[in-house]
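Here's the structure we're looking at; comments come further down.
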Amino acid sequence: SFIYYTEEALRSASDDIIRLAEAEGLTAHANSITVREK
Numbered sequence: 292s293f294i295y296y297t298e299e300a301l302r303s304a305s306d307d308i309i310r311l312a313e314a315e316g317l318t319a320h321a322n323s324i325t326v327r328e329k
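Numbering (the numbering used here), first residue to last: 292 to 329.
Right, here's the structure in full:
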């Protein structure tokens, strides 16, 4: 599935997304959010 976030929404949710991805062992997903934040 694909999920669409506006830039503002992604910034708002990024900490939670990273935390969830890391908790599930999905480090590549967490890293992709970190890269998009730059």
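Glycine included, each C-beta is placed from N, C-alpha and C at the ideal position.
Relative to the C-alpha of residue i, which residue among the options is closest?
{"i": "V326", "options": "L301, E315 and A314", "result": "L301"}
Can you grab the Cα-Cα spacing for the pair residue i / residue j, in whole Å?
{"i": "S305", "j": "F293", "result": "16 Å"}
{"i": "S323", "j": "E299", "result": "16 Å"}
{"i": "I309", "j": "Y295", "result": "16 Å"}
{"i": "A312", "j": "A319", "result": "8 Å"}
{"i": "S303", "j": "L317", "result": "20 Å"}
Quick one: is residue i buried, meaning 16 or more other Cβ sit within 10 Å of its Cβ, or exposed?
{"i": "A314", "result": "exposed"}
With DSSP collapsed to three states, give me the class of residue i.
{"i": "E298", "result": "helix"}
{"i": "L311", "result": "helix"}
{"i": "S292", "result": "coil"}
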